[in-house]
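Protein chains in written order, with this note's numbering: chain A, 9 to 106; chain B, 9 to 106. Remarks on the structure that follows.
2 protein chains.
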Amino acid sequence: MKVLEALSNPYRLKIVGLLSEERKFVSQLAKELNISRPLLYLHLKKLEEVKLIEGSYEISANGKTKRYFELNSFHIPLDERFISRYTSSLTVKRKTDS
Amino acid sequence: MKVLEALSNPYRLKIVGLLSEERKFVSQLAKELNISRPLLYLHLKKLEEVKLIEGSYEISANGKTKRYFELNSFHIPLDERFISRYTSSLTVKRKTDS
DNA sequence: TACACATGTAATATAATTATTACATATGAA
DNA sequence: TTCATATGTAATAATTATATTACATGTGTA
């Protein structure tokens with residue numbers, strides 16, 4: 009399940025944690041996480057792909073273009089029923105994906 | 009988070025799905041999943057490490073030793089609060105792990 | 001004894017994920 | 001013009017995860 013894969017990495021969990029406080033722009037996130045931007049982009053991409061976060065460009069007062077990311081609120085009741093419903097939907101027909 | 013990593017693989021989700029119906033022994037699982045036992049062991053190990061499943065040996069009527077695995081019921085309210093509580097506990101001190 | 005069906009693991013190969021390095025562009029301030 | 005701070009990506013390296021192959025053991029039945 010894509011969402012669970014997205015949440016299976018420590019950096020991505022930290023990103024979610026940070027963005028749950030407030031939106032942040034890329035360089036800012038990289039600094040707070042202490043990782044390089046290329047690596048951060050990789051993780052942001054995976055989170056964005058499953059719609060956990062969402063980015064938008066903005067030109068700040070000083071003229072710099074910033075790309076802000078914000079968290080989309082979510083709630084997944086992760087238990088055996090949830091999973092078996094998911095796996096059943098796979099082995100049978102898969103109407104929708106993800 | 010170990011549990012999320014354990015649940016980030018399709019086979020492991022299927023295993024959870026199958027075991028949510030009833031306990032099964034190793035060869036039986038391998039057949040139903042259509043994977044080799046060595047591969048199955050790998051996945052079972054990861055699920056067992058995080059206590060999602062639990063194995064026990066049993067000698068069946070016909071004398072064969074079987075190792076049954078059963079699912080431990082679980083419920084993780086996976087949302088941003090859950091994650092940020094987790095990540096905060098990391099960056100500060102980490103009383104407990106997992 | 002040979003076969004079928006259980007158990008398990010060590011060694012290796014393959015694939016996927018994660019991380020780094022080296023680029024390139026644009027804006028405003030010094 | 002040079003520096004600092006934003007943006008972004010392509011190519012490669014390193015590490016982990018996944019998968020396969022080849023073994024080995026034990027029990028009951030034919």
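For every residue, glycine included, the Cβ atom is placed at its ideal position computed from N, Cα and C. It should be emphasised that the depicted structure is a prediction, and the values quoted were computed from it without experimental measurement.
Cutting at 8 angstroms between CB atoms, please list the residues of its own chain near residue i, excluding the five before and the five after it.
i	result
Ser68/B	Lys74
Ala14/A	Arg20, Lys54, Leu55, Glu57, Val58, Leu60
Leu41/A	Tyr19, Lys22, Ile23, Leu26, Leu48
Asp105/B	Confidence is the limiting factor: at Asp105/B the pLDDT is only 44, short of 50, which leaves the residue's position unreliable, though a coordinate-based value still follows. None.
Leu98/B	none
In this structure, what does DSSP give as the bridge partners for residue i?
i	result
Ile66/B	The sequence given here has Glu at residue 66/B, not Ile. Answer is Lys74/B, bridged to Glu66/B.
Leu55/B	BP columns for Leu55/B are empty, so no partner.
Lys32/A	Phe77/A
Ile84/A	Leu86/B
Ile61/B	Leu79/B
On the criterion of 16 or more Cβ atoms from any shown chain inside 10 Å, does residue i qualify as buried, or is it exposed?
i	result
Lys53/B	exposed
Leu47/B	exposed
Ile83/B	Position check: residue 83/B holds His in this sequence, whereas Ile was assumed. Classification for His83/B: exposed.
Arg93/B	exposed
To the nearest angstrom, how far is it from the Cα of residue i to the Cα of residue j?
i	j	result
Ser35/B	Arg45/B	7 angstroms
Asn80/A	Lys59/A	7 angstroms
Ile43/A	Ser96/A	39 angstroms
Leu21/A	Glu66/A	25 angstroms
Gly63/B	Lys39/A	44 angstroms
Val24/A	Pro18/A	10 angstroms
His51/B	Asn70/B	28 angstroms
Asp87/A	Arg31/B	17 angstroms
Met9/B	Leu12/A	11 angstroms
Ser16/A	Lys72/B	38 angstroms
Pro85/A	Arg89/B	13 angstroms
Leu37/A	Leu37/B	44 angstroms
Under the assumption that residue i contacts residue j (Cβ atoms under 8 angstroms), give the Cβ distance between them as a whole number of angstroms.
i	j	result
Thr91/B	Glu78/B	Strictly speaking, residue 91/B in this sequence is Ile, with Thr absent from that position. Not a contact, Cβ separation roughly 29 angstroms.
Would the C-beta of residue i count as close to the ligand ATP, meaning under 8 angstroms from any of its heavy atoms?
i	result
Asp87/A	Ligands in the displayed structure: none, and consequently the ligand ATP is not present.
Excluding the 5 residues preceding and the 5 following residue i in the sequence, name in chain order all residues of the same chain whose CB lies nearer than 6 angstroms to its CB.
i	result
Ser28/A	Leu79
Which same chain residues end up closer than 7 angstroms to residue i when comparing Cβ atoms and leaving out the 5 residues on each side of it in sequence?
i	result
Phe33/A	Lys74, Arg75, Tyr76
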